[in-house]
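Enquirer:
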Amino acid sequence: MSTLTTPDKPPVRSWLPTMLLLAAIWGCSFLFISVGVRELHPAYLALGRVAAGAAVLLALLAIKRDSLPRDPRMWGHQFVLGAVGSAIPWTLFGYGEERIPSLLAGIWNGITPLIVLPIAVLIFRTEVFNLQRGLGLVIGFAGMLVVLGAWNISGGADLVGQLLCMAAAIFYGIAIPYQKRFVAGSSISGISLSASLLICATVQLAVMAPLLAGGAPPAPWDLSIEVLLSVLALGALGSGLAFVLSLRNIRIMGASASSMVTYLMPIFAIVVGVLVLNERLTWYQPVGALVVLAGVAVSQGVFTRRPTITPKPLPQSA
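Sequence positions in the sequence shown follow the UniProt record's numbering and run 1 to 318.
Next comes the structure, spelled out in structure tokens:
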């Protein structure tokens, strides 16, 4: 706290490089999901992702001679986060990308901050609500309708795919303030917390994937090299490294501010979708994405000029 009793803002250099790296990793993850679901059921793709991420982080723990959390209550919180922050949304994104392009899934991920704010305010009470943030939510909701093409919806796979990706983003919006409220304040290392979360998600998906897929997954040697590399990239980068970086930013910036990484993720998702997968956009999808991001920016006070406080001069000695 400063002498003016207002929270000190973390310096930009402490979080901006991490946020840019996170945006690139998570933005490109939609490409890897799109490739993975060509040969893997979405639940098995999510299982491979969390298992690979857990393996990478456990190896890092061994190298650093760190350990997993010992508090049973922390494991309880990690079990919840494993479901709402990993297992469920990653499976939903897989289902969604069976029906829509990866770049559109990346755009839908951009609504996450709009979900984080009301959840953080109303349930976890880690944020404060005001008129400006309410206006941002209204603008963001209008942008969601534009992305969805609400005036031109006739049902079908495209609508279902978009709704699945929207639901995945909603689960992200629940997980971020939950993590801030119950986990981020712990003194346990980010690697240890991220590893325990992914272990929980692995257990959950190991049980649910065979039920959802209706059988066992294909053998690894029956998969193409592109799919195998996509699973490894999703695990090592999109889960392992990214979770550690995300927790670091949540600790530095808070839940709502750290979720602003989704400002940048759609840019990376669109670029790699167009360049690598030759995907195409309709005009209203990027327009709607810009409206959503404008709503997020308004809700976060990006366009608000904060008054500067000029310190009073000290009295001169006689």
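For glycine and all other residues, C-beta sits at the position ideal for the given N, C-alpha and C.
For the structure I just gave you, are there three or more beta carbon pairs, one from the stretch 232 to 242 and one from the stretch 24 to 31, closer than 8 Å?
Expert: Verdict: yes, contact present.
Enquirer: Taking all protein chains shown into account, do 16 or more other C-beta atoms lie within 10 angstroms of the C-beta of G185, making it buried, or fewer, making it exposed?
Expert: It is exposed - the Cβ of G185 has fewer than 16 other Cβ atoms within 10 Å.
Enquirer: Rounding to the nearest angstrom, what Cα-Cα distance links L16 and A216 in this structure?
Expert: 42 Å
Enquirer: Use the C-beta contact count for P218: other C-beta atoms within 10 angstroms, 16 or more gives buried, fewer gives exposed.
Expert: Under the 10 Å beta carbon count, P218 is surrounded by fewer than 16 other beta carbons and is classified as exposed.
Enquirer: Between A68 and S194, how many whole angstroms is the CB-CB distance? I'm expecting something under 8 Å.
Expert: The residue you asked about is not Ala; residue 68 is Leu in the sequence shown. Approximately 11 Å separates the beta-carbon atoms of L68 and S194; this is outside 8 Å, ruling out the contact.
Enquirer: Considering only residues of the same chain and omitting the five flanking positions on each side of A83, which have a CB-CB separation below 8 Å?
Expert: C200, A201 and Q204
Enquirer: Suppose contacts are defined by Cβ-Cβ distances below 7 Å. Is S34 in contact with S102 by that definition?
Expert: yes
Enquirer: For my contact list, P210 and I107 are in at a C-beta cut-off of 8 Å; report their separation, rounded to the angstrom.
Expert: Not really, about 32 Å apart at Cβ, beyond 8 Å.
Enquirer: Give every residue of the same chain whose Cβ lies closer than 8 Å to the Cβ of residue 319, excluding the five residues on either side of it in the sequence, and list them in chain order.
Expert: The requested residue 319 does not occur in the structure, where the chain is confined to residues 1 to 318.
Enquirer: Are the CB atoms of V50 and residue 320 within a distance shorter than 7 Å?
Expert: In the structure as shown, the chain begins at 1 and stops at 318. Residue 320 is therefore absent and cannot be evaluated.
Enquirer: Have a look at V160 and Y95 and give me their C-alpha separation to the nearest angstrom.
Expert: 9 Å
Enquirer: Go ahead and pull the three-state DSSP assignment for R133.
Expert: Helix, per DSSP.
Enquirer: Check each candidate in V292, G143 and T282 and name the one with the smallest Cα separation from I100.
Expert: T282
Enquirer: If you run the structure through DSSP and keep just helix, strand and coil, what is E97?
Expert: helix
Enquirer: Helix or strand or just coil, what does DSSP make of S187?
Expert: Assignment of S187 by DSSP, reduced to helix, strand and coil, places it in the coil class.
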